[in-house]
Amino acid sequence: MVVPGGFRESFAADFGAEAYEALLRTLTEVPSPVSIRRHPTKLSPLTPGSIPWCPEGLLLPERPIFGADPLWHAGAYYVQEPASMAVARYLAAIDFAPVIALDLCAAPGGKSTLLRSHLPDDCLLVTNEPDKKRAKVLEENILRWGAEETLVTSALPAALRAAGVKADLILVDAPCSGEGMFRKEPEAVTGWSLDLVDRCAKTQREILREAWEMLTDGGLLIYSTCTYNRAENEAQLSFLRDDYGAEVIHLPELPQYGAEESDEERGLYRFFPHRTGSEGLTCFGVRKAGPRVSPEPVARGLAGRARAIPEELRDLAEEQLLSTPDGTGWRLLSLRGVALLRLLEQAEGIRILRAGVDLGSVKGRDFIPDVSWVLSATASNHLPYPRRAVTAAEAFALIGRQTIPSSGAKGYRVATYAGVPLTLIKDLGSRVNNLYPKGLALHDTRLTPSDMPHILDNQ
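Structure representation (structure tokens):
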């Protein structure tokens with residue numbers, strides 16, 4: 001590997017020449033790890049994992065074709081680099097249950113799905129990505145994961161702050177110079193420069209200012225980057241501590257796993273590839289001083305719950321059923337979620353891509369269920385339709401939006417693979433309509449069922 005000019009000197013100045021040589025050997029001689037994080041509900045109970053700081057994490061011996069796996073499409077697991085899973089450790093270190101969590105720079109969704117799995121079920125998660133194209137990927141991954149009680153938005157942090165958004169847990173997985181991704185992403189190597197480090201540090205500072213304004217007293221802010229240098233890490237922690245009185249949260253277990261605690265800012269931890277067998281990550285957590293303040297939004301304009309509820313939805317909590325303004329669509333979202341949704345709808349510069357779980361819509365006398373309901377983590381247990389277990393070949397056909405043979409029984413069916421809900425089908429007796437969304441489908445016609453990995457066969 002040819003490292004960028006200036007990186008060696010910068011890294012060695014911060015961490016020493018010996019650490020640089022150890023890092024370089026790992027980057028050039030050891031392949032990037034391949035790992036997944038399993039869904040704790042869809043695959044419950046889980047067998048022990050192989051990533052010590054994340055029980056759901058699992059290292060794989062090689063990289064399969066994930067897109068050919070129906071279980072990946074079903075949200076049974078998320079492909080995520082090992083060190084990134086460590087941020088969930090902060091949730092165990094706080095003495096309160098978050099009410100509203102905000103992931104400010106969330107795409108492609110790895111840390112948002114991680115948070116969703118570790119947050120209380122009734123905690124509202126706002127997962128936001130400023131970049132419109134990346135926000136679409138975020139929305140798709142949130143859908144696959146089956147994240148409930150979740151809003152997906154695309155906005156600048158300043159727009160969310162101006163709208164009055166408040167949260168008692170905020171994650172800033174900040175845009176950075178990408179030093180920790182040199183092995184995995186060649187473009188990170190070619191794009192790195194000292195000027196990029198400076199520009200990223202300034203952007204991070206701006207994001208942190210906005211985040212701090214939105215964080216309620218007593219709340220937790222988690223900061224992470226996939227880079228090593230002190231300007232993008234120690235300097236940001238020092239800024240929050242000196243300017244805002246932030247209280248650092250310590251995770252003494254992380255050094256036991258190989259992470260290195262900063263000698264300059266205690267409570268800041270680095271995952272170096274040569275020490276943790278991961279890609280590079282730096283993280284810290286801080287608490288905003290003061291007694292806890294609830295971030296509950298003011299409930300305004302909650303009309304839409306009084307309409308006649310379709311029979312198919314009777315098994316769901318009535319207080320969480322929300323109809324669209326025209327009365328045809330239905331979604332599952334708490335009063336807290338609706339209150340914040342209304343706040344965002346009235347604000348400028350905020351795109352709302354997804355709100356809660358889309359359950360379906362009414363067309364004439366018929367209720368047409370949505371695949372979002374099938375993929376949901378727990379609401380899928382209340383689907384009023386029979387399940388149909390499909391074979392591997394049938395599951396592969398379904399994720400490619402192909403049809404499968406009729407079972408002879410007419411009506412909607414929840415197609416399951418390996419026990420995990422995959423999609424909706426409508427059996428007409430003579431044929432089967434596949435309702436798997438086009439935007440989520442496998443489009444590579446070169447792939448066949450023989451390309452399907454079986455990484456969860458013994459999970």
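Here the sequence shown stands for residues 1 to 459, numbered as in the numbering used here.
Ideal placement from N, C-alpha and C gives every residue a C-beta, glycine not left out.
No experiment lies behind these values; they were computed from the predicted model shown.
Proximity test, residue i beta-carbon vs the ligand HEM heavy atom, cut-off 7 Å
i	result
Y412	Among the components modelled here there is no ligand, and therefore nothing to report on the ligand HEM.
Beta-carbon proximity list for residue i, same chain, < 8 Å, skipping 5 on both sides
i	result
S406	D427, L428, G429, S430, R431, V432
R292	F96, D168, T216, D217, G218, G219
L46	R38, P40, P55, E56, Q459
Beta-carbon gap between residue i and residue j smaller than 8 Å
i	j	result
M85	I51	yes
V87	L221	no
F182	A174	no
L102	I207	no
T423	T41	no
G49	E56	yes
R287	E247	yes
A392	A162	no
R89	L251	yes
N434	L398	yes
A79	I36	Checking the sequence shown, residue 79 turns out to be Val, not Ala. Yes; because the gap between Cβ atoms is below 8 Å, this pair is in contact.
V371	T328	no
L160	H118	no
L442	G400	yes
Y257	W53	yes
V99	L60	no
V390	I368	no
Y436	Y412	no
Chain-order list of residues whose beta-carbon lies under 7 Å from that of residue i (same chain, five-residue window excluded)
i	result
L353	A135, E139, V152, T153, S154
E464	The chain is shown only over 1 to 459; residue 464 falls outside these bounds and no answer can be derived.
E18	none
Y244	W212
E234	S262, E264, E265, L268
L313	L321, W330, L359
A395	P70, Y417, L422
G164	L343
D131	A107
A12	Y20
P4	V189, W192, S193
Neighbourhood of residue i by C-beta distance below 6 Å, restricted to the same chain and skipping five residues each side
i	result
G6	L194
P421	V374, S380, V414
G304	Bear in mind that the predicted position of G304 carries a pLDDT of just 48, short of 50, making it too unreliable to give a figure here.
L340	P297
S503	The requested residue 503 is not part of the displayed model; the chain covers only 1 to 459.
S450	none
I94	L220
Residue range of the unbroken alpha helix (DSSP H) whose run includes residue i
i	result
G110	110 to 118
A13	7 to 15
W72	70 to 73
D243	234 to 244
G337	335 to 345
E140	132 to 145
P276	As written in the sequence, residue 276 is Thr, which differs from the Pro given in the question. Start and end: 273 to 276.
I399	392 to 399
A415	That residue, A415, is in no alpha helix (DSSP H); its beta strand (DSSP E) goes 411 to 417.
E253	253 to 256
Integer Cβ distance of residue i from residue j, believed to fall under 8 Å
i	j	result
L383	V357	Their Cβ separation, rounded to whole angstroms, is 11 Å, which puts L383 and V357 out of contact at 8 Å.
R270	A259	6 Å
Y417	A83	Contact flag wrong, Cβ pair sits at about 30 Å.
Y228	T190	Contact doesn't hold; Cβ gap of about 18 Å is too wide.
F284	L237	5 Å
R116	W145	7 Å
L124	R336	5 Å
Limits of the unbroken beta strand (DSSP E) element including residue i
i	result
T190	Per DSSP, T190 belongs to no beta strand (DSSP E); it is in the alpha helix (DSSP H), 186 to 191.
S323	321 to 323
D217	215 to 225
K438	Run containing K438: none; DSSP gives neither H nor E here.
L58	57 to 60
V371	Run containing V371: none in the beta strand (DSSP E); it sits in the alpha helix (DSSP H), 371 to 375.
L102	100 to 103
A421	It should be noted that the sequence gives Pro, not Ala, for residue 421. Where P421 is concerned, the enclosing beta strand (DSSP E) stretches over 420 to 427.
For this session: Count the CB pairs spanning the region 258 to 276 and the region 306 to 319 that are closer than 8 Å, and state whether there are at least three.
Result: no
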